[in-house]
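A.B. asks: Residue numbers for the sequence shown follow my numbering, so the first one is 93 and each next one is one higher. Beta carbons: idealized from backbone N, C-alpha and C, even for Gly. Here the structure is a predicted model, which means the values were calculated and not measured.
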Amino acid sequence: MIRARFRMAVPSDIWVAEVSQSLPDTTFRLLAGAPLESRTLELGEVVGPDPAAALDALAAHDSIVSLDRLYVDDDRGLTRYETTEQGLFTFLGETSLTPEFPVTVENGIMEFDVTASRDQFDAFGDRLDDSPMYYELLSVVQSESADGVLTARQRECLDVALHSGYFEVPRRATLAEVAEALDVDKSTASVTLRRATNRIVEWFLLTTNDNGTP
Numbered sequence: 093m094i095r096a097r098f099r100m101a102v103p104s105d106i107w108v109a110e111v112s113q114s115l116p117d118t119t120f121r122l123l124a125g126a127p128l129e130s131r132t133l134e135l136g137e138v139v140g141p142d143p144a145a146a147l148d149a150l151a152a153h154d155s156i157v158s159l160d161r162l163y164v165d166d167d168r169g170l171t172r173y174e175t176t177e178q179g180l181f182t183f184l185g186e187t188s189l190t191p192e193f194p195v196t197v198e199n200g201i202m203e204f205d206v207t208a209s210r211d212q213f214d215a216f217g218d219r220l221d222d223s224p225m226y227y228e229l230l231s232v233v234q235s236e237s238a239d240g241v242l243t244a245r246q247r248e249c250l251d252v253a254l255h256s257g258y259f260e261v262p263r264r265a266t267l268a269e270v271a272e273a274l275d276v277d278k279s280t281a282s283v284t285l286r287r288a289t290n291r292i293v294e295w296f297l298l299t300t301n302d303n304g305t306p
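1. Would you mind reading off the limits of the alpha helix (DSSP H) that contains R172?
2. Specify the secondary structure class of I106 as computed by DSSP and reduced to three states.
3. Using the three-state DSSP reduction, which class does D205 fall into: helix, strand or coil?
4. Quick one: using the 10 Å Cβ neighbour count with 16 as the cut-off for buried, is S235 buried or exposed?
5. Among L128, R131, E294 and D218, which one has its Cα closest to the Cα of T280?
6. Taking its Cβ as the centre, do 16 or more other Cβ atoms sit within 10 Å of D88, making it buried, or is it exposed?
7. Taking only the alpha-carbon atoms, compute the straight-line gap between R97 and T207 and give it to the nearest angstrom.
8. Comparing alpha-carbon positions, which option in L135, L123 and T175 lies nearest E192?
9. Go ahead and pull the three-state DSSP assignment for R247.
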């Protein structure tokens, strides 16, 4: 199994993107959630300088059907609410992943953990790569190897680029030639290569010390 932590921009059509960006000093945490037929029942926490105002902003949003204030003090509030928004569960459901709580959002940026098999991790990585959304792999924990850092498609792209001489100095292959070998356009090849190399660099820096050893 692979355990990874991601940071990504919340899609603009999800309510928490708008509310959190209007209150950049407040942290929104989704503690639990369950999709219903056409709504989602969620338990949330807000932490910030004015939690009562944050809950008011949440309750006023068009996507919120009902909201119960469970607890509020000077810097923290707990709430149970129903929303018509099911974007997070839809997004993860397409990759057969169950969201791990808490999911934290600050100023439109979400951080969350996933625990997945290699196939699920590959599908999730491909889903992110195919989306226009910004994302960043913050950490990846594996028992013995780096096998889960790259998706199968990213590994294939790097393998073709490496063996064609794309990374050599001077290069023996162009990006167009790599894309042709992969049967994709140049833009897709470029994005996949950049994200794959970024994942490798992040994994190396996160899992080695200053001497370059684990």
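C.D. replies: The short version:
1. Taken as a continuous stretch (DSSP letters only), R172 belongs to no alpha helix (DSSP H), being part of the beta strand (DSSP E) at R168 to T175.
2. Note: I106 maps to coil in three-state DSSP.
3. Shown here, D205 sits in a strand according to DSSP, grouped into three states.
4. Reliability fails at S235, whose pLDDT of 48 lies under 50, so the model's placement of it is uncertain and the value that follows must be treated cautiously. Exposed, by the Cβ-count rule.
5. D218
6. Missing from the structure shown is residue 88; the chain here goes from 93 to 306 and no further.
7. 9 Å
8. Closest by C-alpha distance to E192, out of L135, L123 and T175, is L123.
9. It is helical.
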